[in-house]
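Heads up: the sequence lines are chains X and S, in that order. Counting with our numbering, you get residues 228 to 603 for the letters of the first sequence. Counting with our numbering, you get residues 11 to 374 for the letters of the second sequence. Where a beta carbon is used, it is the ideal one built from N, C-alpha and C, also for glycine.
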Amino acid sequence: MKFVDEFRDPELGAAVSAEILAAVDPGRHYKLMEVCGGHTHSIYKYGIDDLLPDQVELVHGPGCPVCVIPMGRVDDGIAIAQNSEVILTCFGDMMRIPGSNGTFTDAKAAGADVRMVYSPLDALRIAKQNPDRVVVFFAIGFETTAPSTALTLRRAKAEGVENFLCICNHVTIVPPLRALLESPDLRLDGFIGPGHVSTIVGVRPFEFIPADYGRPLVTAGFEPLDILYAIQMILAQLAEGRCEVENQYKRVVPYEGNQAALEVLSEVFELRPHFEWRGLGFISQSALRLSDAYADFDAELRYSVPNVRVADPKACQCGEVLKGVIKPWECKVFGTACTPEHAIGTCMVSPEGACAAYYNYGRYARERPQAAETLA
Amino acid sequence: MSSAPVTSDREQRILGIIETARAKRPRFKDARVTMAHGAGGKATQTLIEGLLAPAFSSPSLDELADAGTVTVDGLGLALTTDTFVVRPLRFPGGSIGELAVNGTVNDLAVSGARPLAISLALILEEGLDAGVLRAEVEAIAATAAAAGVEVVTGDTKVVERDHADQMYVCTSGIGQRDPRATLSPGALRPGDRVLVSNTIGEHGTAIMLARGELGLEAEIESDTRSLWPVADALLESAGDDLRTMRDATRGGVATVLNELARASGVGIEVRESEVPVLPEVAGACELLGIDPMYVANEGVLVACVAPEAADAALAALRAQPGCERAADIGEVGEEPPGMVLVSTTFGGRRVMDLLAGDPLPRIC
């Protein structure tokens, strides 16, 4: 595939890998967080961990938008889907996220009309094709997907579609990062910045990370070479004593972001005072809801929902895992109350989350030289 | 981090708990059947190994091979059955009728049995267009003739509108076990090589595109075909060095390799760069965030062959029409038992596990 294979060239990868090896201080251990779930996926898919020296450890961040949806919100979606006139629509990977009493897949099996869509515009099309039903779009995602929801709502309003509603679960990336950085026991040395989110918000919103918290951040693309380059750039900053925001993904990400997308976001959404994140608890001003101008499309106003907060079990330590304070197996519920079949926290919900990966592949991982041992 | 010995004890204990949990036979505990139970991944495995296999346990069934075995007066027979539900009924490269014949023929072929005869049962929805039915009946007749099997018995049922999706097809097949090799999913040994008979992922991708929900267009055709000539060529070239064959249908090549690794208690390492994938399939899967290794095939088999016969087997495969891109994609090893590893095109390694359910498109 043109313009893709170039970024997957194993020879270039080996060359960057050698540069990384040259940049590490053999006596130091580096913990770098990739913020975005898309990066986690690429790291896993290409086996990027294997191309890094033992001293460099990647910590998977909070940036998987489906995994951070708390159980109570899934329950709300299922409650709305129980109304016989409702067609609940959502992205594919949302179908498997557990609420307190099952997933959307389970709700579908129990009789609810739940349909997978590839775009909110598909949900709007279903609404137009089924004028006697109410189509509810379960909107999720960071600033990456929020503009497409916003544009769909803007179109629904312009076309006067009255049977299209939205349960807005869009979240923003900066507040959870700030929450992680505020933690006194944070053990991260740098960040691989979220490439997709940055196409919308730009790179500027991340300047506070080096400025206020003294950690470098490099915004990266999603091909394996992008990620390796970003790691090399972070290590170079640390080696040279620099601490700044850099943009490895310049071919896609403008420093100032996408103004047209930001405008439609501010028209359609406003900040929620607070929002709950699975495994991380409540974070203030970390999510979006529909603005007053779009209140007619707000499913939470149209339908009464349980709106019950289903607490993550107290023992869940996703926050500590995400901060790099503990390893998955050090969590009190890991492998006992919390398993891939009955996941509690975000790190177990996502198949690529740190805990799920360790649960499934820990035995194999243990046979490889483990960064943990060099740290201990 | 606290003192190393304590943490490592705890880690050992936790890993022990996980090992015990994984080694247990899966139990079917779900309150309802969901679409995940039909997707070929872990949920399907739970349904089969947790509910069905224990209920009907027998030495032949317990192998969980593509066909069961029956011996009648010393004559070894293979018996298989399959149900076909597909939307749309016709798609580029094939139709439900062709799938129904080839699917059953292939389950026999990869079990090392020459297909002899099949049965045919049709479940038809009230209101089905007669032209659609006639076209499928003709497709079934033509495909059976091409595969050299006779339809020797059948059944029809009609259900009320909305109680089925146009038509479902059930076929069973019987074949004579070939004496040239004794095949078993549990027969893999370290050093064996893993072959695929052609490019992968075409059938599942063709179906996804034919549904028209994605707004993607590409000229990808289903690979549905009879695999008996391919199996025959492998049996002839490798003989008893042929350990096992599987057709890589639902769940794709990845699922087959996981089943074989578990059944044999071996590790399998796949070289991703050797896996043949058409560029159109790779492109469509890339856009959808799906790995072609998990996409269904209807005319591709996976064969595991002892190392000394592997080159001859690969040459025999490539001499078959439609198998020109057959490839040696990996090797069986001792570690890690029951798991499949992939050396990626980029030079790293990863575990290629069973999927939990359907391969769902990703947003992140």
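Segment contact, 8 Å Cβ cut-off, at least three pairs: the region 306-318 of chain S with the region 233-249 of chain S
yes
Are any of the Cβ atoms in chain S nearer than 8 Å to that of X:Y476?
no
State yes or no: is the beta carbon of X:F230 nearer than 8 Å to at least one beta carbon in chain S?
no
Could you check what DSSP says for X:Q544 in three-state terms: helix, strand or coil?
coil
I'd like to know if the region 31-43 of chain S and the region 331-349 of chain X are in contact, where contact means that at least 3 CB-CB pairs between them fall below 8 Å.
yes
Cβ-based neighbour list, S:A313, same chain, cut-off 6 Å, excluding 5 preceding and 5 following:
L205, L244 and M255
Please go through the same chain and pick out, in chain order, the residues whose beta-carbon is closer than 6 Å to the beta-carbon of X:C565, but skip the five residues on each side of it.
I571 and M575
Is the region 112-125 of chain S in contact with the region 185-195 of chain S, if contact means three or more CB pairs nearer than 8 Å?
yes
Rounded to a whole number of angstroms, what is the C-alpha to C-alpha distance between S:G274 and S:L193?
Checking the sequence, you will find Ser at residue 274 of chain S rather than Gly. Straight-line Cα distance between these residues: approximately 12 Å.
Taking 8 Å as the CB-CB cut-off, is S:T354 touching chain X?
yes
How many Å lie between S:A271 and X:S518 at the Cα?
54 Å
Which residue marks the beginning of the beta strand (DSSP E) containing X:W504, and which one marks its end?
H501 to W504
Do the region 306-321 of chain X and the region 520-533 of chain X meet, that is, are 3 or more Cβ pairs less than 8 Å apart?
yes
Suppose the cutoff is 7 Å on Cβ atoms and the five residues either side in sequence are ignored; what does the same chain contact list for S:P200 look like?
V276, V342, G343 and E344
Residues in the region 539-569 of chain X with C-beta within 8 Å of chain S's C-beta atoms, listed in sequence order?
K554, W556, E557, F561, G562, T563, T566 and P567
The alpha helix (DSSP H) enclosing X:A242, as first and last residue numbers
P237 to A250
Thinking C-beta only, is S:R253 closer than 8 Å to S:V315?
yes
On the CB-based measure, 16 or more other CB atoms within 10 Å of its CB, does S:H213 come out buried or exposed?
buried
C-alpha gap between S:T54 and X:I324, whole angstroms
18 Å
If the cut is a Cβ gap below 8 Å, which residues of chain S does X:D276 touch?
G358
Could you check which residue in X:A526, X:T267, X:E494 and X:R442 has the C-alpha nearest to that of X:C294?
X:T267
Cβ of X:G420 less than 8 Å from any chain S Cβ?
no
For the region 276-292 of chain S against the region 144-159 of chain S, do three or more pairs of beta-carbon atoms, one drawn from each stretch, fall closer than 8 Å, so that the two count as touching?
no
Using only alpha-carbon positions, find the residue among X:A385, X:D302 and X:R342 that is nearest to X:F318.
X:R342
In whole angstroms, give me the CA-to-CA distance for X:S493 and S:G299.
30 Å
Could you check what DSSP says for X:K554 in three-state terms: helix, strand or coil?
coil
Would X:N587 and S:V361 be called neighbours here (beta carbons separated by less than 8 Å)?
yes
Just to confirm my understanding: we take X:A245, look at its own chain, exclude 5 residues before and 5 after, and list those with CB closer than 7 Å. What are they?
none
Proximity test, Cβ basis, 8 Å: X:V424 and chain S:
no
Interface residues of chain X around S:D363 at Cβ under 9 Å?
P578, N587 and Y588
Check each residue of the region 317-333 of chain X: if its Cβ is closer than 7 Å to any Cβ of chain S, include it; give the result in chain order.
F318, G319, D320, M322, R323, T332 and D333
For X:G508, I'd like the list of residues in its chain whose CB is within less than 8 Å of its CB, leaving aside the five on either flank, ordered along the chain.
D539 and G546
On the criterion of 16 or more Cβ atoms from any shown chain inside 10 Å, does S:Y304 qualify as buried, or is it exposed?
buried
Between X:K272 and chain S, is the shortest Cβ-Cβ distance under 8 Å, so that the two count as touching?
yes
Burial state of X:Y482 (16 or more Cβ within 10 Å):
exposed
Hey, quick one: how far does the beta strand (DSSP E) through X:M260 stretch, first residue to last?
Y257 to C263
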